[in-house]
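Structure first, commentary second.
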Amino acid sequence: MPKSQTPAFGSGPRVLLRQIREVMASDAPVQARLDQVVKSIARLMVTEVCSVYLLRSTGEMELFATQGLNPEAVHRTRLREGEGLVGEVVRTAAPIALSDAPAHASFSYRPETGEDPYSAFLGVPLLRGGRVVGVLVVQNQTSRVYAEDEVEDLQTIAMVLAEVVAGIEAAIDTLGEVEVSPHRPERLKGQRFADGLAIGRAVMHDPPIAIAHIVADDPVAEEERLEDGLLRLRAQIDNLLSVSHLSGPSIEVLETYRMFADDRGWVRSLEEAVRGGLSAEAAVDRARTQHRARFAAAKDPYIRERLHDLEDLANRLLRVLAGEVTTHRALPEDAVLVARNLGPADLLEYPAGSLKGLLLEEGSAASHAALVARALEIPCVGRLSGVRDHLSEGDIVIVDGETSEAHLRPRPDVIEAARSRLLVRETLRADIAGLRDKPAVTRDGTRITLLTNAGLISDLAALDATGADGIGLFRTEFQFMVQDRLPGLEAQADLYSQILDAADNRPVTFRTLDIGGDKVVSFLQEGREENPALGRRSIRLGLDRPPLLRLQIRALLRGARGRELRVMFPLIASIDEFTQAKGLVDAECDWARRRGWALPSMLRIGAMIEAPALLWHLDALLPQTDFVSVGTNDLMQYMFAADRTNPTVADRYDTLSPPFLSALARIQEACAASGTPVSVCGEMAGRPLEAFALVALGYQRLSAPAAGVGLVRRMILSLDLEKARKLFLPLLGRTSGSVRGEVESLARKLNLAL
Ligand code: PEP
Ligand code: MG
Numbered sequence: 001m002p003k004s005q006t007p008a009f010g011s012g013p014r015v016l017l018r019q020i021r022e023v024m025a026s027d028a029p030v031q032a033r034l035d036q037v038v039k040s041i042a043r044l045m046v047t048e049v050c051s052v053y054l055l056r057s058t059g060e061m062e063l064f065a066t067q068g069l070n071p072e073a074v075h076r077t078r079l080r081e082g083e084g085l086v087g088e089v090v091r092t093a094a095p096i097a098l099s100d101a102p103a104h105a106s107f108s109y110r111p112e113t114g115e116d117p118y119s120a121f122l123g124v125p126l127l128r129g130g131r132v133v134g135v136l137v138v139q140n141q142t143s144r145v146y147a148e149d150e151v152e153d154l155q156t157i158a159m160v161l162a163e164v165v166a167g168i169e170a171a172i173d174t175l176g177e178v179e180v181s182p183h184r185p186e187r188l189k190g191q192r193f194a195d196g197l198a199i200g201r202a203v204m205h206d207p208p209i210a211i212a213h214i215v216a217d218d219p220v221a222e223e224e225r226l227e228d229g230l231l232r233l234r235a236q237i238d239n240l241l242s243v244s245h246l247s248g249p250s251i252e253v254l255e256t257y258r259m260f261a262d263d264r265g266w267v268r269s270l271e272e273a274v275r276g277g278l279s280a281e282a283a284v285d286r287a288r289t290q291h292r293a294r295f296a297a298a299k300d301p302y303i304r305e306r307l308h309d310l311e312d313l314a315n316r317l318l319r320v321l322a323g324e325v326t327t328h329r330a331l332p333e334d335a336v337l338v339a340r341n342l343g344p345a346d347l348l349e350y351p352a353g354s355l356k357g358l359l360l361e362e363g364s365a366a367s368h369a370a371l372v373a374r375a376l377e378i379p380c381v382g383r384l385s386g387v388r389d390h391l392s393e394g395d396i397v398i399v400d401g402e403t404s405e406a407h408l409r410p411r412p413d414v415i416e417a418a419r420s421r422l423l424v425r426e427t428l429r430a431d432i433a434g435l436r437d438k439p440a441v442t443r444d445g446t447r448i449t450l451l452t453n454a455g456l457i458s459d460l461a462a463l464d465a466t467g468a469d470g471i472g473l474f475r476t477e478f479q480f481m482v483q484d485r486l487p488g489l490e491a492q493a494d495l496y497s498q499i500l501d502a503a504d505n506r507p508v509t510f511r512t513l514d515i516g517g518d519k520v521v522s523f524l525q526e527g528r529e530e531n532p533a534l535g536r537r538s539i540r541l542g543l544d545r546p547p548l549l550r551l552q553i554r555a556l557l558r559g560a561r562g563r564e565l566r567v568m569f570p571l572i573a574s575i576d577e578f579t580q581a582k583g584l585v586d587a588e589c590d591w592a593r594r595r596g597w598a599l600p601s602m603l604r605i606g607a608m609i610e611a612p613a614l615l616w617h618l619d620a621l622l623p624q625t626d627f628v629s630v631g632t633n634d635l636m637q638y639m640f641a642a643d644r645t646n647p648t649v650a651d652r653y654d655t656l657s658p659p660f661l662s663a664l665a666r667i668q669e670a671c672a673a674s675g676t677p678v679s680v681c682g683e684m685a686g687r688p689l690e691a692f693a694l695v696a697l698g699y700q701r702l703s704a705p706a707a708g709v710g711l712v713r714r715m716i717l718s719l720d721l722e723k724a725r726k727l728f729l730p731l732l733g734r735t736s737g738s739v740r741g742e743v744e745s746l747a748r749k750l751n752l753a754l
């Protein structure tokens, strides 16, 4: 095959880039401008054909302008994704260069275009916001091979073209309904992570930097700027890596960043783009946009993760180039945070009450970020594929936790409908608030103790607001997660004392540190683990580092100062672990007694049932504990061997499944037989339908996130328990993977207020 005989642009596409911008900025009609652009490209690239296809809202690529093909085909030739070579460029979001196009399997002959004599084909995508919004094609009669730099150059041109086409979007619309940039209303379906409804403005967790100049005047100076930026980027990451007490992004993410910052392929593509005439920022943006488009097509979660890392790195480099040193910024009043995923501490880093809603691309409903969102009552929809690519900073969004949807740039009528629903929700809230002081008693007289889960000082207000009977789970690790050093004895004791004060004689169950898994506390965790959820997390860490656990127990004794104290240990997997942990409490009580501290008026020690192994050792455990609490979030993940934070397995298993319900029944029966108080403190206790199942199984103590307490109370007040039990228990014998549908029908039949 002959090598490229005609270099596209002797000194890069700068002249052409400028021409395109001038033509597109002129007053001529839009069609005339597009016609002129394809003409210029064909002339300067020495190609017989140059065509621009743009995306119609029907999803088809329509020929909008051509030099060389039959002009009659303009606005007539339309190709679907995957159809023809143009469709193939759309599908792969990557350039396609062929010396013998008709021989390619995807070649689709369109007689109206008159393209039979053209052999060589080079098509590149027009990308905006990570989506393919058009295709730019050049063709030659001879079966020539397009050189790598020509492909690069055409990509650069496509990038500028995508920008200018977006700039004349309104005018383009007069040529037909064309989707050239993500400014239209969109609705994405995701998964509910936290109930609620919010209307607000998108704020990117990692805000993108606006690119002011696309074309550089002096490519040599620009290349130096880029090199300097890359050096500073590497130095910045090295610096972060050398700091031993990291907060925020984990060390692993930073190591990956560092690796990518050295990646020759990435650096080379940036350098080439700058040499081709782009500004350093535009070069970074181009590489990022290309990666985004590929990310959209990638199926492998590992690759998607890595591509996202690369995107984050690009954002960081853009910041470096812009000379930005701080990431703090003012939030709008109605901020809806948009992120790929968040660690629980990330969310806490935003000022309290500053977020109206949260949209996540990934994550899972059982992750701690989702849990924190629920605790803070921030409506959250997760697993919204590509949401960040479809949104710009400041776009209006609706977070709909009821339907698990996100509306991006909704139409006014959709906003209006959401506003009315917000009003209805307010009324329901008022109804629930009206029931606040009613004890949760079923219609046939069974009293259910309704507790709430907490972990932050700000949760304490919820105790009075919900009328909960107490705190069934206080997650002490949150205090550790929002700091970058170990809180001392006084700081810990102070928090525990404040909680007991606020509870005002209502019971509070403090759970000792539950770190590990997705709850990262960098100053306490050494090294990385292959499987953090199965690793040295939770009570295992406390038992391996007794001073840590003892300090916490001491702080609990000090905080209680003679009051009633309830302590429980998380993730107990064997009786020995419980005995050892209890031994530390005894030792601390001795220590405190020797120093004359006031010991708790009553001390209750319990275990969380989260590891399935305990189910076969309940007869040994229960006589040793004062109470137990079932952590259904973890029990689910370990029973079904499905990581609670992994979105790809999040949908597979249901809490309302016969095996899981049978496990819960087994625990409840063993506790009833031994007279051990038992509660459920996983998230399911806060969802009325699941709470109904728990009560039907015989559980009489539920600890729910604050947002669930009122709803569960309302359900209980409408429940005829004995009748429900009779109809519910046979469902445990079903062989299906889930009995959710059956439980729902039963709830309807019983007229439950859900
Ligand atoms: C649970 O696992 O159900 C639980 C309540 O604990 P956490 O969600 O904090 O792991
Ligand atoms: Mg747990």
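Per the numbering used here, the sequence shown starts with residue 1, numbered consecutively.
We put the CB at the ideal spot given by N, CA and C, even for glycine.
Distances from the CB of residue 512 to the heavy atoms of ligand 1 are all 8 Å or more. Residue side-chain check: residue 571 places its Cβ nearer than 8 Å to a non-hydrogen atom of ligand 2. Set against 8 Å, the gap from the CB of residue 681 to the closest heavy atom of ligand 1 is smaller. Residue 424 counts as exposed, since fewer than 16 other beta carbons sit within 10 angstroms of its beta carbon. The straight-line gap separating the alpha-carbon atoms of residue 335 and residue 287 is approximately 29 Å.
Judged by DSSP in its simplified three-state form, residue 140 adopts strand. For residue 162, the closest of 716, 570, 24 and 666 by C-alpha to C-alpha distance is 24.
Between residue 449 and residue 473, the CB-CB gap reaches or exceeds 9 Å. A contact between stretches requires three or more CB pairs, one per stretch, nearer than 8 Å, and the region 633 to 649 fails this requirement with the region 581 to 596.
Residue 496 counts as buried, since no fewer than 16 other beta carbons sit within 10 angstroms of its beta carbon. When the five nearest sequence neighbours on each side are left out, the beta carbons in the same chain lying within less than 7 Å of the beta carbon of residue 331 are those of 203 and 354, in order along the chain. Contact annotation: residue 401 and residue 64 have beta-carbon atoms that are not nearer than 9 Å. Leaving aside the five residues that flank residue 223 on each side, the residues in its chain whose CB is nearer than 6 Å to its CB run, in chain order, 274. Between residue 200 and residue 399, the C-beta gap is smaller than 9 Å, which places the two residues in contact. Shortest gap from the CB of residue 639 to any heavy atom of ligand 2: 8 Å or more.
Partner residues in the beta bridge of residue 66, as assigned by DSSP, are 51.
In this structure, the beta-carbon distance from residue 406 to residue 433 does not fall below 9 Å. Secondary structure note for residue 338: its beta strand (DSSP E) is the uninterrupted segment 335 to 339.
The beta carbon of residue 441 lies closer than 6 Å to those of 447 in the same chain, with the five residues before and after it left out. For the 9 Å CB-CB criterion, residue 697 and residue 727 do not form a contact. The region 97 to 105 and the region 47 to 55 do not touch, with fewer than three beta-carbon pairs separated by less than 8 Å.
Listed as beta-bridge partners of residue 679 by DSSP are 629. For residue 31, there is no enclosing beta strand (DSSP E); the residue is part of the alpha helix (DSSP H) that begins and ends at 30 to 45.
The beta-bridge partner set that DSSP reports for residue 189 consists of 405. Where residue 398 is concerned, there is no enclosing alpha helix (DSSP H), although the beta strand (DSSP E) around it starts and stops at 396 to 400.
Of the candidates 111, 119 and 689, the residue whose Cα lies closest to the Cα of residue 49 is 119. If you check the CB distance, residue 435 and residue 397 do not come in under 9 Å.
By the CB criterion at 9 Å, residue 556 and residue 498 fall outside the cutoff. If the five residues before and after residue 478 are omitted, its C-beta is found closer than 6 Å to the C-beta atoms of 455 and 456, all from its own chain and listed in chain order.
For residue 704, there is no enclosing alpha helix (DSSP H); the residue is found in the beta strand (DSSP E) stretching over 701 to 704. Using a cutoff of 8 Å, the CB of residue 376 does not count as near ligand 1, since none of the ligand's heavy atoms is closer than that. Restricted to the region 503 to 586, the beta strand (DSSP E) segments that are unbroken, complete and at least 3 residues in length are 508 to 511 and 564 to 569, listed in chain order. Close CB contacts of residue 356 within its chain, under the 7 Å cut and outside five residues either way in sequence, are with 198, 200, 334, 335 and 336 (chain order).
Counted as a single uninterrupted DSSP element, the beta strand (DSSP E) harbouring residue 382 occupies residues 380 to 382. Beta-bridge pairing by DSSP links residue 605 to 567. Where residue 695 is concerned, the enclosing alpha helix (DSSP H) starts and stops at 688 to 697.
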